[in-house]
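> Got a structure here, written out as structure tokens. Questions coming.
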Amino acid sequence: MGRTIVEAISAKIDDHDVNPLGGVRSSYRGPRAQISKNRELPWWRRILPVIAAHKISFSVAVSLSLVSLIFQTLVPRMLIKATEDAVKRHSASLHQEVIQILIVGVLAGITGVISRQYLFYTAYNVEADLRSLMYEHLAWLSFSFYDRVQSGQLISRSNSDIRSVQMYSTFAPLILVQCSAGVLAFGFMLSINWRLALVAMVVMPFLYVVGVRMRQMLFPISWVTQARLAEVATIVDENVNGVRVVKSFAQEEAEINRLADAAEKVAWSYVKDAEIRARFTPLVQNLPQLGLALVLLFGGYMVIYGHMSVATIIGFNLYLLMLQAPFMMMGQLIMMGQRAKASAERIFEVLDESSEIVERPGAFDLNDVTGAITFDNVHFAYGDGPPILQGFNARIEPGETVAIVGRTGSGKSTVARLLNRFYDIDSGSISIDEHDVRNVTLSSLRETVGVVLDEPFLFSVSIRENIAYGRPSASIEEVTAAALAANADEFIVKLPEGYDTVVGERGYTLSGGQRQRIAIARTLLVNPPVLILDDATSAIDVHVEAGIYEALRALLSHRTTLVIAHRISTIALASRVILLEDGVAVATGTHDELLASTPLYAQVLAQTTSEDR
Ligand SMILES: Nc1ncnc2c1ncn2[C@@H]1O[C@H](COP(=O)(O)OP(=O)(O)OP(=O)(O)O)[C@@H](O)[C@H]1O
Ligand SMILES: [Mg+2]
């Protein structure tokens, strides 16, 4: 049964959003508005533009809800009048009034339903807009930002924080509308009998105080609960992602205990929460009854002494019930407001973060690249960290294959990251075909420089889609050609579903070497004029690796290739080696030349390389 539902749903999704490649087609149009950039404004003023973008549906929701509440407040009044009339006339001609009351009641119901629909429509659209704002911003932020933050933090900010801001900003106005209906009800009560109205109101301040007290006590507990739930989530997440480490160190028992501890803490805070609720609920529920009893008591006297009709008391009590809801909700509104403020600030922290890597005005596209690369006196440090490159100079000719060799941590990967501007250098210049990388558009730069990293990240989609990631429109022939060049085709065709095999999260169903080959094919498909392989073949069999380089050479003789590797066999594939030490290029030449001329080279090789055969 479960399977059929899943199948039905996926069939439905397939029906709608699939492109020829099998991926989900994006119907994303982006958020309708941005938050205000002015950091001085109070948080809700900054969010306002996002809500204002939905002002039509929002105003419909609020005004219909007001109409519905007005209808609702009319009902008790009509009831009083109808009952009084009937009692006075002692006749059975009630049906007209009953019909009127019914009509008003039905109208109140219908407007209520429509208003709710519009409200939810607005609320979820506001939420979607906030989420797109967040994701769009996250997509633009530079690597330096991701170096600093934890992904768990970002996930909670783009989920629960956005939800709490959305809830408050769409429901607060509605609660205010309810309060105004409460004022209306109170007005009716005053007009019917002001003394009784005041008596009825006696319990309201108590109800308010109790509500506020209850939430004051619940609020810290709910924060603690949230934090502890996040802790459990983190442990589960680590255990799922790190299951190989956990198992290889036989730490299952310890992890289970860690999880049990965290779960116990969650249970404790839930129990505390329930205790507080249990203590306050009888009060919250029975105070209103006291109000009703007081109305009955005093109203009863008035009826006995002929100052009031029985019907009035009934109507009165109906109004009283109507008043209680806003009083109880006011407290909730305050709590929601506090939480929304905290959440909004957490969201702003991300949205106010500006990307360090931005295009200069007048940036141009890098076209028809021959692939000449120049590093000129490059100085670089990560943030305020120690200097990594200190006057790095290198020139790589078009079509050359150059290996960068250096001790671990010497900055080889950093050189690669600087070339396609994952980070900006502190001084000096890096240019491709004599164009400074800071003067060209980011998209053309990254199309020009293809990087294959040592830890290839694969998406949970088919192998074909993974390879076509940079060019989703590529035909299956092109995908196969790229896979052939990366020596990946031979194992892909042996998989049960070939190119349509969906790889697990992070591609764990494949071996390290297989993943690397798919990552290489993915970059080759884009056909970048400059290729950087950063330890990209470290997990691949030496013979297969040689095949890949042969294919690369045959396929694309004009490609400039930068190889960072730890294997002598890989380094030997390069026509020239650059030796990196203490942030500068200390020597360059062929492998054999360096071996002969530079003792440091042999030393570094001895430390860092492995002799695979
Ligand atoms: N994102 C980062 N933020 C701060 N420091 C970093 C960052 N990435 C690397 N570093 C530091 O910069 C130095 C150079 O790192 P890099 O990754 O370039 O070394 P590498 O030569 O590629 O080493 P390996 O051979 O181990 O891959 C290291 O000391 C490292 O600690
Ligand atoms: Mg590295």
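Under numbering that gives the first Met the number 0, think of the first position of the sequence shown as 0, with each following residue one higher. Positions of the beta carbon are idealized from the N, C-alpha and C atoms, including for glycine.
Taking DSSP's pairing of strands, which residues face T587 in a bridge?
Working through the sequence shown from its first residue, we reach residue 587 at position 588. Answer is I577.
> Considering just the uninterrupted stretch of the alpha helix (DSSP H) at L388, what are its terminal residues?
For this step, residue 388 is matched to residue 389 along the sequence shown. No alpha helix (DSSP H) contains L388, which is instead part of the beta strand (DSSP E) from 386-395.
> Alpha carbon to alpha carbon, how far is V244 from E237?
The residue labelled residue 244 in the question sits at position 245 within the sequence shown. The residue labelled residue 237 in the question sits at position 238 within the sequence shown. For V244 and E237, the distance between alpha carbons rounds to 10 Å.
> Go through the stretch 440-473 residue by residue and report every complete run of the alpha helix (DSSP H) that reaches 4 residues or more, in order.
Taking only runs of at least 4 residues, the alpha helix (DSSP H) segments lying wholly in the stretch 440-473 are 441-447, 462-466.
> Can you tell me which residues form a DSSP beta bridge with F374?
For the purposes of this step, residue 374 is taken as residue 375 along the sequence shown, with counting starting at 1. Answer by DSSP bridge pairing, in chain order: A393, I429.
> Can T559 and P397 be called in contact, C-beta distance under 8 Å?
Position 560 of the sequence shown, counting from 1, holds the residue named residue 559. Position 398 of the sequence shown, counting from 1, holds the residue named residue 397. Going by C-beta atoms, T559 is nearer than 8 Å to P397.
> For V543, which residues from the same chain have a beta carbon less than 6 Å from its beta carbon, with the 5 sequence-adjacent residues on both sides left out?
The sequence position of residue 543 within the sequence shown is 544, counting from 1. Excluding residues within five positions, the ones whose Cβ falls inside 6 Å are N486.
> With ligand 1 as the reference, list in chain order each residue whose Cβ lies under 6 Å from any of its heavy atoms.
Here the residues come out as D146, Y381, G384, I387, G405, T407, G408, S409, G410, K411, S412, T413.
> To the nearest angstrom, how far is the alpha carbon of L319 from that of F185?
As a working mapping, residue 319 is identified with position 320 in the sequence shown. As a working mapping, residue 185 is identified with position 186 in the sequence shown. In a straight line, the C-alpha of L319 is about 8 Å away from that of F185.
> By DSSP, does F421 sit in helix, in strand, or in coil?
If you number the sequence shown from 1, residue 421 lands on position 422. Looking at F421 - three-state DSSP - the assignment turns out to be coil, as it is neither helix nor strand.
> Suppose contacts are defined by Cβ-Cβ distances below 8 Å. Is E642 in contact with S409 by that definition?
Residue 642 is absent from the model: the chain starts at 0 and stops at 612.
> Within 10 angstroms of the Cβ of D540, are there 16 or more other Cβ atoms? Answer buried if so, exposed if not.
To locate residue 540, count along the sequence shown from 1; it is residue 541. Result: exposed.
> Does at least one heavy atom of ligand 2 sit under 7 Å from the Cβ of I563?
Locating residue 563 in the sequence shown gives position 564, where the first residue counts as 1. Indeed, a heavy atom of ligand 2 lies less than 7 Å from the Cβ.
> Are the beta-carbon atoms of R130 and S163 separated by less than 8 Å?
For the purposes of this step, residue 130 is taken as the residue at position 131 of the sequence shown. For the purposes of this step, residue 163 is taken as the residue at position 164 of the sequence shown. No, the Cβ-Cβ distance between R130 and S163 is not below 8 Å.
> Could you give the DSSP three-state label for L594: helix, strand or coil?
For the purposes of this step, residue 594 is taken as residue 595 along the sequence shown, with counting starting at 1. Helix, per DSSP.
> Classify W222: buried if its beta carbon has 16 or more other beta carbons within 10 angstroms, exposed otherwise.
The sequence position of residue 222 within the sequence shown is 223, counting from 1. With fewer than 16 other Cβ atoms within 10 Å, it is exposed.
> I need the straight-line Cα distance from D425 to R463, nearest angstrom please.
Counted from its first residue, the sequence shown places residue 425 at position 426. Counted from its first residue, the sequence shown places residue 463 at position 464. Computed Cα separation, rounded: 40 Å.
> Confirm the yes/no value for this check: CB of D534, any heavy atom of ligand 2, distance under 7 Å.
Working through the sequence shown from its first residue, we reach residue 534 at position 535. Result yes, Cβ under 7 Å from ligand 2.
> Please identify the residue among Q71, T500, D432, S155 whose C-alpha is closest to the C-alpha of S179.
Here residue 179 is taken as the residue at index 180 of the sequence shown, counted from 1. Nearest option by C-alpha distance: Q71.
> Who are the Cβ neighbours of M307 in its own chain at under 7 Å, not counting the five residues just before and after it?
Here the question's residue 307 lines up with position 308 in the sequence shown. The answer, listed in chain order, is N192, G298, M301.
> Whose CA, out of A571, Q177, A196, V585, lies closest to the CA of G111?
Indexing the sequence shown from 1 puts residue 111 at position 112. Closest by alpha carbon: Q177.
> Using a 10 Å radius around the Cβ and a threshold of 16 neighbouring Cβ atoms, would you call H53 buried or exposed?
Along the sequence shown, read from residue 1 onward, the residue named residue 53 stands at position 54. H53 is buried by the Cβ-count criterion.
> Can you tell me the Cα-Cα spacing of T536 and T569, whole angstroms?
Position 537 of the sequence shown, counted from the start, is the residue given in the question as residue 536. Position 570 of the sequence shown, counted from the start, is the residue given in the question as residue 569. Roughly 8 Å between the two C-alpha positions.
> Skipping 5 residues on each side, what residues in its chain have a beta carbon closer than 7 Å to that of S593?
Walking along the sequence shown from the start, residue 593 turns up at place 594. Residue 593 is actually Leu in this sequence, not Ser. Taken in chain order, the residues that qualify are V576, L578, A586, Y600.
> CB-CB under 8 Å to I161, same chain, minus the five flanking residues each way: which ones, in chain order?
For the purposes of this step, residue 161 is taken as residue 162 along the sequence shown, with counting starting at 1. These residues qualify, in order along the chain: E126, L129, R130, M133, S342, I346.
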